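Working notes for the structure below.
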Amino acid sequence: MDIVIATNNPNKVREIKRIYETLCAEKNARCQALKFFTLKEKNLTCDVEENGSTFKENSLIKAKATASQTNLAVLADDSGICVDALNGAPGVFSNRFAHENDDAANRKKLLKALEEKGKKAREERKAHFECAMTLISGGEIFTAAGRSDGRISESEDGTHGFGYDCIFYSEELGKSWGEASDDEKNSVSHRARALKNLLETAGLLKYSV
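Read left to right, the sequence shown gives residues 9 to 217 (my numbering).
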């Protein structure tokens, strides 16, 4: 099956492809053969206003906008980081918390917002990444979600990853995602869990007993 990934973010494309390969390599996993394409490779666009109030809504918006241009299957992802002390912010505004597509500015604003919340917020720093995915294929719509818990570091740690990775400390890994390898991050990430759930829901990934 050919699938177009409805994103202009090359990091997301890279992660989705790698996660799929890893899932298919798991013991007892039976994957349907999937080939992923970028928007550019299929001469498509996804310049749509993400005005949903949830990750799921935005994922659906992007998937439907892209599916309207092609008969190919479409996969869309919307994700972000949610900080408890900031009442779930940045949430759906993660990519444009300070400035759109400016990772450094977004991280700086988040760290500053926590500092301004006072001692309790500075000490707790609980946060989670959330991802919602939508697959439109053959007129059917499949949705799934994934989550990864951790906390916000006091400073940037590591140079790997993108977005908020270097200030997100993963309790499962015992390090920030900025310090983790791609495979380490993908073993616990919100995106990996969402994709696994989505493929299983759509019947594209099964496990033998």
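Even for Gly, the Cβ is constructed at its ideal location relative to N, Cα and C.
Computed from a predicted model, the values in this text were never measured in an experiment.
Please work out which residues of its chain come closer than 7 Å, Cβ to Cβ, to residue i, disregarding the five sequence neighbours upstream and downstream, and give them in chain order.
{"i": "A129", "result": "A93, L122"}
{"i": "I69", "result": "V56, E58, G60"}
{"i": "H198", "result": "S87, F137, E138, C139, G154, R155, S156"}
{"i": "I27", "result": "N194, R199, A200, L203"}
{"i": "L77", "result": "Note on identity: in this sequence residue 77 is Gln, with Leu being the wrong assignment. For Q77, where only same-chain residues beyond five positions count, the Cβ hits under 7 Å are L52."}
Using the three-state DSSP reduction, which class does residue i fall into: helix, strand or coil?
{"i": "Y28", "result": "helix"}
{"i": "V217", "result": "coil"}
{"i": "V6", "result": "No statement about residue 6 is possible, as the shown extent of the chain runs from 9 to 217 and does not include it."}
{"i": "C139", "result": "strand"}
{"i": "T78", "result": "coil"}
{"i": "K134", "result": "strand"}
{"i": "T209", "result": "helix"}
{"i": "A37", "result": "strand"}
{"i": "D86", "result": "strand"}
{"i": "S67", "result": "helix"}
{"i": "S102", "result": "helix"}
{"i": "K127", "result": "helix"}
{"i": "A188", "result": "coil"}
{"i": "E58", "result": "coil"}
{"i": "V21", "result": "helix"}
{"i": "H198", "result": "helix"}
{"i": "N51", "result": "coil"}
{"i": "A97", "result": "coil"}
{"i": "N114", "result": "helix"}
Apply the 10 Å Cβ neighbour rule to residue i and answer buried if 16 or more other Cβ atoms are within range, or exposed otherwise.
{"i": "E23", "result": "buried"}
{"i": "H107", "result": "exposed"}
{"i": "D10", "result": "exposed"}
{"i": "E162", "result": "exposed"}
{"i": "N79", "result": "exposed"}
{"i": "P98", "result": "buried"}
{"i": "N66", "result": "buried"}
{"i": "K43", "result": "exposed"}
{"i": "N19", "result": "exposed"}
{"i": "G186", "result": "buried"}
{"i": "G169", "result": "buried"}
Tell me which residues share the same chain as residue i and place their Cβ nearer than 8 Å to its Cβ, disregarding the 5 neighbours each side in the sequence.
{"i": "R38", "result": "L213, K214, Y215, S216"}
{"i": "N36", "result": "Y215, S216, V217"}
{"i": "G96", "result": "C90"}
{"i": "L47", "result": "V12, I13, A14, T15, N16, T53, C54, T74"}
{"i": "I149", "result": "L68, A71, T142, L143"}
In the DSSP assignment, what are the bridge partners of residue i?
{"i": "F176", "result": "I160"}
{"i": "F44", "result": "I11"}
{"i": "T151", "result": "T142"}
{"i": "K183", "result": "S178"}
Under 6 Å Cβ to Cβ from residue i, same chain only, skipping five residues before and after it: list those, please.
{"i": "R133", "result": "R159, I160"}
{"i": "A188", "result": "L181"}
Legend entry - Stretch-stretch touch, CB-based, cutoff 8 Å, three pairs: the region 76-91 with the region 133-141: yes
Inset, instruction - Taking 8 Å as the threshold, find out whether the region 190-210 comes into contact with the region 146-163 through three or more Cβ pairs. - result: yes
Inset, instruction - Say whether the region 96-104 touches the region 21-35, bearing in mind that this needs 3 or more beta-carbon pairs closer than 8 Å, one atom from each stretch. - result: no
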